[in-house]
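First residue of the sequence shown? That's 341 in the working numbering, and the numbers climb one at a time after it.
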Amino acid sequence: MKIGISGASGKLGKAVLNELATRVPEHKVIAISRTPEAVEGASETRLGDYDRPGTLATAYAGLDRLLIIPTSDLRPGRRGEQNLAAIDAAVAAGVGHIVFMSMAGTREELEPAIGASYWAGEQRLIATAPRWTILRMNYYAESLVQEAQMSFGLGLLTGLAENRVAFVSRDDVAAAAAGILAGDDHAGAIYDATGPASISGAERAAMIAEASGKPMGFAVIADEQLRGGLAQAGLPIDVINAVSSIQAGFAAGGMNIVTGDVERLSGRAPRPLQEILAAAF
Ligand SMILES: NC(=O)c1ccc[n+]([C@@H]2O[C@H](COP(=O)([O-])OP(=O)(O)OC[C@H]3O[C@@H](n4cnc5c(N)ncnc54)[C@H](OP(=O)(O)O)[C@@H]3O)[C@@H](O)[C@H]2O)c1
């Protein structure tokens, strides 16, 4: 079987490649991105640029299964267009089963909301692909580690409301994706890759304080305060919009979901946040 990974040179893509190498070494894995030469360990590498759909026809030719990993492109509308281009190219190329990486809490939203591109992709996939699976990921625990590192100065994490998030490690998301690609019973399913518990703002601040030995609290602030602080730190408007949109999603409960899908798909339980924080600090 030929399994393609589109977005293979990124952190999630490389982790999926590693998982597939262990799980199904007998299958051919094709690494696809704009810089496929940067990927090690694939059976084959191909150029495939979501912004140049012509390249995707060749990149996806002859694949039995394909994982589409969206980019981190924050320009309004770009990622949505990329997702549609990738799905259309995969369907046109006759890929047998298309797996799309999406985000927890995905629902109908308009740009520049961070979820708009995932909604657009999910809907196109469901409407056009002969066999499809969606894997919605919760917020990466690794992204919380980065947020904590940037917050030690003030000793404060912030949110637009007290909220719960089921932080999941990127490697566990990758293992779940590999389980779908290597398995046979996942057509037509929408899965949620989550950590084992949904953690409140106060709880995650306390966990970070314990793991790092540094003070950390959690405070609810207004969106204008959040945006003002990010602007003061010199961040570009697309990043400010993305952070604000992610925090609005947290406040609305979009990431407050715990499932057994990581274990069901990968065969191993997801790592608890405490363990990931203890290893990070
Ligand atoms: N759940 C969370 O908390 C969270 C946090 C951060 C990101 N994410 C999402 O998770 C996904 C992957 O994350 P990641 O950490 O693996 O991101 P990453 O390391 O930035 O990888 C992105 C991948 O997309 C490829 N790419 C970028 N532009 C492309 C284009 N025009 N055409 C084709 N490929 C392109 C990159 O490869 P080349 O440059 O070689 O093309 C790379 O392989 C993204 O959807 C991202 O938004 C989720």
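Cβ atoms here follow ideal geometry from the backbone N, Cα and C, with glycine treated the same way.
Ala-348 sits in coil when the DSSP states are folded into three classes, being neither helix nor strand. By the Cβ test, the stretch 563 to 582 is not in contact with the stretch 509 to 529, since fewer than three Cβ pairs between them sit closer than 8 angstroms. Residue state for Ala-506 is assigned as coil, using DSSP reduced to three classes. Closest option to Ala-549, judged by alpha-carbon separation, among Thr-473, Val-583, Leu-497 and Leu-521: Leu-497. At a Cβ-Cβ threshold of 8 angstroms, Val-379 and Leu-406 do not count as neighbours.
Residue state for Gly-394 is assigned as helix, using DSSP reduced to three classes.
Look at Ser-373 here: in three-state DSSP terms it is strand. Ile-520 sits in a helix when the DSSP states are folded into three classes. In the structure shown, Ala-546 adopts helical secondary structure according to DSSP, grouped into three states. The stretch 459 to 470 and the stretch 556 to 571 do not touch, with fewer than three beta-carbon pairs separated by less than 8 angstroms. Boundaries of the alpha helix (DSSP H) harbouring Ala-618: 613 to 620, taken from the DSSP string. DSSP places Tyr-479 in no alpha helix (DSSP H); its state is neither H nor E.
Between the alpha carbons of Ile-454 and Ala-619 lies a distance of about 29 angstroms.
For the pair Arg-418 and Pro-410, the CB atoms are not nearer than the 8 angstroms cut-off. A distance below 8 angstroms separates the beta carbons of Val-439 and Ile-520. At least one heavy atom of ligand 1 falls within 7 angstroms of the beta-carbon of Asp-389.
Counting the other Cβ atoms within 10 Å of the Cβ of Asp-391 gives fewer than 16, which makes it exposed. Residue state for Val-598 is assigned as coil, using DSSP reduced to three classes. Using a cutoff of 7 angstroms, the CB of Pro-410 counts as near ligand 1, since one of the ligand's heavy atoms is closer than that. In this chain, Glu-462 is not harboured by any beta strand (DSSP E); it is covered by the alpha helix (DSSP H) spanning 456 to 468. Within the same chain, and ignoring the five residues on either side of Pro-536 in sequence, the residues whose Cβ sits closer than 6 angstroms to its Cβ are Pro-610 and Pro-612.
Looking from the CA of Ile-345, the closest CA among Pro-376, Arg-363, Glu-366 and Pro-365 belongs to Pro-376.
With a beta-carbon spacing of about 11 angstroms, Ile-372 and Ile-343 fall beyond the 8 angstroms limit used to define contacts. Going by beta carbons, Ala-399 and Leu-500 fall outside the 8 angstroms limit.
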